[in-house]
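Numbered continuously in UniProt numbering, the sequence shown closes out at residue 393. Contents: one structure, followed by commentary.
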Amino acid sequence: MNIHEFQAKELLATHGVKLPRGGIAYSPEQARYRASEIGGEAWVVKAQIHSGARGKAGGIILCRSEEEVEAAADRLMGRRLVTSQTGPKGNLVNRLYIEETVPIERELYLGIVLDRKAERIKIMASASGGMEVEEIAEKEPDSLIQVTVDPGAGMQKFQARELAFGLGLDGSIVTKATDTLLACYRVFRDFDATMLEINPLVVSKGELVALDCKMSFDENALFRRPDISEMRDKSQEDPRETFASDRGLSYVGLDGEIGCIINGAGLAMATLDMIKLSGGEPANFLDIGGGASPERVAKSFRAVLQDKNVKVILVNIFAGINRCDWVAEGVVKAREEVGLDLPLIVRLSGTKVEEGKQILAEKAPDVLVADTLAEAAEMAVAEWKKLGHSAAA
Numbered sequence: 001m002n003i004h005e006f007q008a009k010e011l012l013a014t015h016g017v018k019l020p021r022g023g024i025a026y027s028p029e030q031a032r033y034r035a036s037e038i039g040g041e042a043w044v045v046k047a048q049i050h051s052g053a054r055g056k057a058g059g060i061i062l063c064r065s066e067e068e069v070e071a072a073a074d075r076l077m078g079r080r081l082v083t084s085q086t087g088p089k090g091n092l093v094n095r096l097y098i099e100e101t102v103p104i105e106r107e108l109y110l111g112i113v114l115d116r117k118a119e120r121i122k123i124m125a126s127a128s129g130g131m132e133v134e135e136i137a138e139k140e141p142d143s144l145i146q147v148t149v150d151p152g153a154g155m156q157k158f159q160a161r162e163l164a165f166g167l168g169l170d171g172s173i174v175t176k177a178t179d180t181l182l183a184c185y186r187v188f189r190d191f192d193a194t195m196l197e198i199n200p201l202v203v204s205k206g207e208l209v210a211l212d213c214k215m216s217f218d219e220n221a222l223f224r225r226p227d228i229s230e231m232r233d234k235s236q237e238d239p240r241e242t243f244a245s246d247r248g249l250s251y252v253g254l255d256g257e258i259g260c261i262i263n264g265a266g267l268a269m270a271t272l273d274m275i276k277l278s279g280g281e282p283a284n285f286l287d288i289g290g291g292a293s294p295e296r297v298a299k300s301f302r303a304v305l306q307d308k309n310v311k312v313i314l315v316n317i318f319a320g321i322n323r324c325d326w327v328a329e330g331v332v333k334a335r336e337e338v339g340l341d342l343p344l345i346v347r348l349s350g351t352k353v354e355e356g357k358q359i360l361a362e363k364a365p366d367v368l369v370a371d372t373l374a375e376a377a378e379m380a381v382a383e384w385k386k387l388g389h390s391a392a393a
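Set out below in structure tokens:
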């Protein structure tokens with residue numbers, strides 16, 4: 001789960017990280033009021049969307065009068081901002097963050113991520129702030145400093161000092177910088193984050209100040225972080241994924257037209273690969289999970305059908321904990337409830353498979369039943385092509 005910049009800064013503030021003064025605005029008039037409230041001679045108007053690269057897309061505007069703040073807010077509010085990270089549809093701007101400007105002596109980069117492979121926390125820093133970390137790694141790889149932290153021990157002071165000296169900070173601010181780096185790590189740890197990125201982290205008047213911040217969280221930990229869960233902004237999410245996650249389904253939207261309902265992440269990935277190998281394009285990843293009751297199968301059909309591009313549906317279930325007869329009952333129930341009129345291919349394997357196939361034969365004789373994954377994928381792609389589609393399209 002991602003949150004907005006202003007929300008991430010609220011979390012940084014709880015641990016004492018220095019920030020420019022700022023406030024949220026929901027209208028151009030309120031933006032002007034925020035600027036007056038903050039004071040000063042210049043402000044930055046920032047579109048609040050779940051994406052980086054906002055500045056390059058015109059989503060961050062420097063203003064030197066309250067009138068300019070109001071005009072900039074009027075241009076941004078209600079606009080769909082398209083960045084290199086949002087895709088062509090962009091994200092809707094429905095709130096702005098008005099922030100004071102600060103004198104900048106140096107721009108740095110700081111990133112903290114969960115390294116799942118190493119089962120450690122990796123901290124990356126660079127003296128080349130203001131650039132995307134991918135750009136830094138490509139153009140200035142030698143400037144990227146990396147420290148690995150054992151989550152059992154936590155980040156140590158010597159590691160923070162190593163980063164501070166590696167960034168070439170003046171000795172007079174190394175102690176403050178060490179405290180800031182440790183505070184950022186504690187924010188990451190205490191809120192079950194999977195990513196915290198401050199870019200740029202600037203040197204201003206002898207202190208480190210976070211000018212921008214992005215954070216992502218482990219959705220599996222939200223049950224113990226209700227304060228973080230409340231920060232979720234569904235307007236920034238793919239509506240298909242929101243619909244599915246609200247019903248306890250693991251769903252990722254893709255760009256194809258063959259909808260998939262599968263149990264098990266590994267089998268789901270194999271199914272997507274097989275569809276591609278057969279010349280088709282999957283519309284989604286959907287893992288129905290271990291308890292595929294008829295009700296859950298019906299919910300899965302509704303989730304897949306939220307995507308109006310779906311032209312064919314492929315159900316692929318290997319029943320270990322599940323039972324194929326339950327899945328078959330769910331397929332029959334879902335077709336009746338949603339009025340499904342799309343080609344439907346079902347591949348069942350495992351517990352009670354013959355009973356499941358019998359239910360489909362008796363109650364849904366027009367459903368295409370496959371015995372293997374390869375056969376199911378080929379049948380789905382064949383039905384898709386009958387509708388006038390091709391892989392090139």
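Note that the Cβ used here is the ideal one computed from N, Cα and C, for glycine as well. Note that the structure is predicted; figures quoted are calculated from it, not measured.
Report the option in the options whose CA atom is closest to the CA atom of residue i.
i	options	result
isoleucine 112	Glu337, Gly59, Gly206 and Ala160	Ala160
methionine 77	Gly87, Gln85, Asn91 and Glu66	Asn91
aspartate 212	Asp273, Ala303, Thr101 and Asp371	Thr101
alanine 328	Gly154, Val187, Gly168 and Glu355	Glu355
alanine 183	Val367, Met231, Gly87 and His15	His15
alanine 380	Asp218, Pro226 and Val312	Val312
tryptophan 326	Asp246, Ser27, Ile359 and Ala125	Ile359
aspartate 341	Ala210, Phe191, Glu383 and Glu378	Glu383
residue 406	Gly289, Asp227 and Val353	Examination of residue 406 is not possible in this model, given that the chain is present from 1 through 393 alone.
glycine 55	Leu114, Glu132 and Val187	Glu132
arginine 189	Ile123, Tyr109, Leu272 and Gly23	Ile123
aspartate 115	Glu138, Val147, Leu108 and Tyr109	Val147
asparagine 199	Pro343, Arg32 and Leu108	Leu108
lysine 234	Ser172, Val367, Thr83 and Val93	Val93
glutamate 134	Tyr33, Leu110 and Leu387	Leu110
glutamate 119	Gly280, Ala153 and Ser172	Ala153
Only counting the same chain, and skipping five residues up and downstream in sequence, which positions put a Cβ closer than 6 Å to that of residue i?
i	result
glycine 59	Ala47 and Leu81
proline 151	Ile121
serine 128	Ile136, Glu140 and Ser143
arginine 64	Ala42
leucine 208	Ala177, Thr180 and Leu201
arginine 21	Ile38 and Glu100
lysine 205	none
tyrosine 185	Met155
valine 203	Glu105 and Arg106
alanine 35	Trp43, Glu66, Val69 and Ile98
isoleucine 61	Val45 and Ala72
aspartate 371	none
Give a yes or no on whether the C-beta atoms belonging to residue i and residue j are separated by under 8 Å.
i	j	result
serine 293	phenylalanine 318	no
methionine 215	leucine 11	yes
residue 481	phenylalanine 301	Absent from the model: residue 481. The displayed extent of the chain is 1 to 393, so no value can be given.
leucine 286	isoleucine 261	yes
glutamine 7	alanine 53	no
leucine 373	methionine 231	no
isoleucine 145	serine 126	yes
phenylalanine 217	threonine 194	yes
valine 149	alanine 164	no
alanine 73	proline 28	yes
arginine 225	aspartate 246	no
methionine 1	leucine 249	no
arginine 79	alanine 25	no
valine 17	alanine 210	yes
Between which two residues does the alpha helix (DSSP H) harbouring residue i extend?
i	result
alanine 328	324 to 338
glutamine 236	Segment: none, glutamine 236 is in no alpha helix (DSSP H) and carries neither H nor E.
alanine 377	373 to 386
valine 353	353 to 363
lysine 299	294 to 305
lysine 139	133 to 139
glutamate 162	157 to 166
What's the call for residue i, buried or exposed, on a 16-neighbour Cβ count within 10 Å?
i	result
glutamate 197	buried
tyrosine 251	buried
phenylalanine 158	exposed
lysine 89	exposed
asparagine 220	exposed
alanine 296	In the sequence on display, residue 296 carries arginine and not alanine. Looking at its Cβ environment, which holds 16 or more other Cβ atoms inside 10 Å, arginine 296 is buried.
Which same chain residues end up closer than 7 Å to residue i when comparing Cβ atoms and leaving out the 5 residues on each side of it in sequence?
i	result
alanine 364	Val331, Val332 and Arg335
leucine 267	Asn316 and Phe318
alanine 392	Bear in mind that a pLDDT of 42 at alanine 392, under 50, signals an unreliable position, so the model cannot answer this.
Keeping to the same chain, check which residues put their C-beta closer than 8 Å to that of residue i; ignore five residues upstream and five downstream.
i	result
glutamate 5	Lys46, Gln48, Tyr97, Asp212, Cys213 and Lys214
alanine 283	Gly253, Leu254, Asp255, Gly256, Glu257, Ile258, Gly259, Cys260, Val304, Asp307, Asn309 and Val310
arginine 240	Tyr251, Gly253, Asn284, Ala303, Gln306 and Asp307
threonine 351	Ala319, Gly320, Asn322, Arg323 and Cys324
glycine 130	Glu107, Tyr109, Asn199 and Pro200
What are the boundary residues of the beta strand (DSSP E) that residue i is part of?
i	result
tyrosine 251	250 to 253
aspartate 115	106 to 115
methionine 215	213 to 217
proline 200	193 to 204
valine 311	For the sequence presented, residue 311 should be read as lysine rather than valine. Where lysine 311 is concerned, there is no enclosing beta strand (DSSP E), given that its DSSP letter is neither H nor E.
lysine 46	43 to 47
Does residue i have its Cβ less than 8 Å from a Cβ in chain D?
i	result
asparagine 220	Protein chains in the displayed structure number just one, and chain D is not present.
When you measure from the CB of residue i to every non-hydrogen atom of the ligand FAD, does any distance come out below 7 Å?
i	result
leucine 167	In the structure shown, the ligand FAD is absent, as is every other ligand, since no ligand is present at all.
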